[in-house]
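Residue numbers (this note's numbering): 286 to 432. Beneath this line is the structure, given in structure tokens, with notes to follow.
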């Protein structure tokens, strides 16, 4: 029991500090977002959410497990849209939760809403395959299921 608590405490501390504990969810805001996403060597899964949003809370509960499963393949970043309105305005068109996968600081895939953890993991697998492809000559705006 004590070991589990220590591991959880370390992951939370790493997330709060922006550290890179394996499988940790990094908290970002308007000030730190570009650094966390733009300088990452790994693709980044950004969760744009709000504390008052029910689906966002469900996704927030699943996010640590998703981060753990994809550790070493993707960096997971969480952004509260109410605390980071400038960043949210750049990437959230329809509502929250919105998931965006970034590669080299550019969005390559967008998903709106939250179904199940398995659905999110399947979407992320597909998004990572897309992110692994070489940059195309003609950049396209990512599409979202919401519109």
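Idealized CB from N, CA, C, for every residue including glycine.
What's the call for residue 370, buried or exposed, on a 16-neighbour Cβ count within 10 Å?
The count along the chain shown starts at 1 and reaches residue 370 at position 85. So residue 370 counts as exposed.
One question on the structure: do residue 382 and residue 399 come within less than 7 Å of each other, judged by their Cβ atoms?
Here residue 382 refers to the residue found at position 97 of the chain shown. Here residue 399 refers to the residue found at position 114 of the chain shown. Contact flag set, yes.
Which partner residues does residue 388 have in the DSSP bridge list?
Working through the chain shown from its first residue, we reach residue 388 at position 103. For residue 388, which the question treats as bridged, DSSP gives the partners 391.
Check residue 355 in the structure and name its three-state DSSP category.
On the chain shown, position 70 is the one that residue 355 refers to. Here residue 355 sits in coil by DSSP.
Give the secondary structure of residue 411 by DSSP, where H, G and I count as helix, E and B as strand, and everything else as coil.
As a position in the chain shown, residue 411 is number 126, starting the count at 1. Reduced to three states, the DSSP call for residue 411 is helix.
What's the gap between the Cα of residue 359 and the Cα of residue 378?
As a first step, residue 359 must be located in the chain shown, where it is residue number 74. As a first step, residue 378 must be located in the chain shown, where it is residue number 93. Cα to Cα, the separation comes out at about 23 Å.
Whole-number beta carbon distance between residue 335 and residue 366, since they are thought to touch under 8 Å
Numbered from 1 along the chain shown, position 81 holds the residue referred to as residue 366. Numbered from 1 along the chain shown, position 50 holds the residue referred to as residue 335. The pair is a contact, with the Cβ atoms about 5 Å apart (cut-off 8 Å).
Just how far apart, CA to CA, sit residue 345 and residue 415?
The sequence position of residue 345 within the chain shown is 60, counting from 1. The sequence position of residue 415 within the chain shown is 130, counting from 1. So the two alpha carbons sit approximately 24 Å from each other.
What is the DSSP secondary structure of residue 320, reduced to helix, strand or coil?
The count along the chain shown starts at 1 and reaches residue 320 at position 35. DSSP places residue 320 in helix when its eight states are reduced to three.
Please name the residue, chosen from 405, 376, 352 and 372, that lies closest to residue 340 on a Cα-to-Cα basis.
In the chain shown, residue 340 corresponds to position 55, counting from 1. Nearest option by C-alpha distance: 405.
Can you give the beta carbon distance from residue 307 to residue 357, rounded, assuming they're within the 8 Å contact cut?
In the chain shown, residue 307 corresponds to position 22, counting from 1. In the chain shown, residue 357 corresponds to position 72, counting from 1. That belief holds up - the Cβ atoms of residue 307 and residue 357 are roughly 7 Å apart, short of 8 Å.
Quick one: residues in its chain with C-beta nearer than 6 Å to the C-beta of residue 327, no 5 flanking neighbours on either side, listed in chain order?
What you label residue 327 is simply residue 42 of the chain shown in a count that begins at 1. If we look at residue 327 and ignore the five residues flanking it on each side, its Cβ neighbours are 359 and 360.
Based on the DSSP output, what are the partners of residue 334 in its beta bridges?
The sequence position of residue 334 within the chain shown is 49, counting from 1. For residue 334, which the question treats as bridged, DSSP gives the partners 365.
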